[in-house]
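Novice: In this note's numbering, the protein residues as written are 1369 to 1514.
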């Protein structure tokens, strides 16, 4: 059955769609029954250092970056393949040169993704530290009031 969607596009967006479907099911099960929760509502409220909205924003940002990079790779791949198919009598050396060009570009994209991942981890760590400090300050204020 042909959906009229390329494998690259399907491979980019299907995992994102599946992630949000499963996340929605998890949230709905948690709303309707305490039996389906991984952690009690009280534990969740006490131990979660980051708000749900911040998590959703972070996940969306990560998925947008990944989808953009994946689509860039699709474009680079199709562009390079067009060079090969449009060139009459392409030699092995020309094909190897295009392959090297694609490899360099994909390596460059991988380095960018790695940098984005490292930056997001450091930002998450900073948020966790800030939230912990806020909680400690609030606990200290409560002790002073009492």
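Where is the CB? At the ideal position from N, CA and C, for every residue including glycine.
Buried or exposed for residue 1468, please, with buried defined as at least 16 other CB atoms from any protein chain shown within 10 angstroms of its CB.
Specialist: Looking up residue 1468 in the chain shown gives position 100. If you draw a 10 Å sphere on the C-beta of residue 1468, you find fewer than 16 other C-beta atoms in it, and that means exposed.
Novice: When you compare the CB positions of residue 1440 and residue 1376, do they come within less than 8 Å of one another, or not?
Specialist: Residue mapping note: residue 1440 aligns to position 72 of the chain shown, counting from 1. Residue mapping note: residue 1376 aligns to position 8 of the chain shown, counting from 1. For residue 1440 and residue 1376, no; Cβs fall outside 8 Å.
Novice: Taking 8 Å as the limit between beta carbons, can you name the residues of its chain near residue 1412, skipping five residues before and five after?
Specialist: Residue 1412 sits at position 44 when you count from the first residue of the chain shown. Within its own chain, the residues whose Cβ lies closer than 8 Å to the Cβ of residue 1412, once the five positions on either side in sequence are excluded, are 1405, listed in chain order.
Novice: Can you find at least 3 beta carbon pairs, one from the region 1423–1437 and one from the region 1380–1390, that sit closer than 8 Å?
Specialist: yes
Novice: Taking 7 Å as the cut-off, is the CB of residue 1436 close to at least one heavy atom of the ligand FMN?
Specialist: Judged by which ligands are present, the structure shown has none, so any question about the ligand FMN falls away.
Novice: Going by Cα to Cα distance, which pick from 1507, 1510 and 1438 is closest to residue 1475?
Specialist: On the chain shown, position 107 is the one that residue 1475 refers to. Taking only the C-alpha atoms, the option nearest residue 1475 is 1438.
Novice: Specify the secondary structure class of residue 1438 as computed by DSSP and reduced to three states.
Specialist: Counted from its first residue, the chain shown places residue 1438 at position 70. Here residue 1438 sits in helix by DSSP.
Novice: Can you look up residue 1403 in the DSSP assignment and give me helix, strand or coil?
Specialist: Counting from one through the chain shown, the residue named residue 1403 turns up at place 35. Residue 1403 falls in the helix class under three-state DSSP.
Novice: With C-beta atoms as the reference, is residue 1435 less than 8 Å away from residue 1381?
Specialist: Along the chain shown, read from residue 1 onward, the residue named residue 1435 stands at position 67. Along the chain shown, read from residue 1 onward, the residue named residue 1381 stands at position 13. In this structure, residue 1381 lies closer than 8 Å to residue 1435 by Cβ.
Novice: Leaving out five residues on either side along the sequence, give the residues of the same chain with a beta carbon under 7 Å from the beta carbon of residue 1445.
Specialist: Reading the chain shown from its first residue, position 77 is the one you call residue 1445. Closer than 7 Å at Cβ, skipping near neighbours: 1470.
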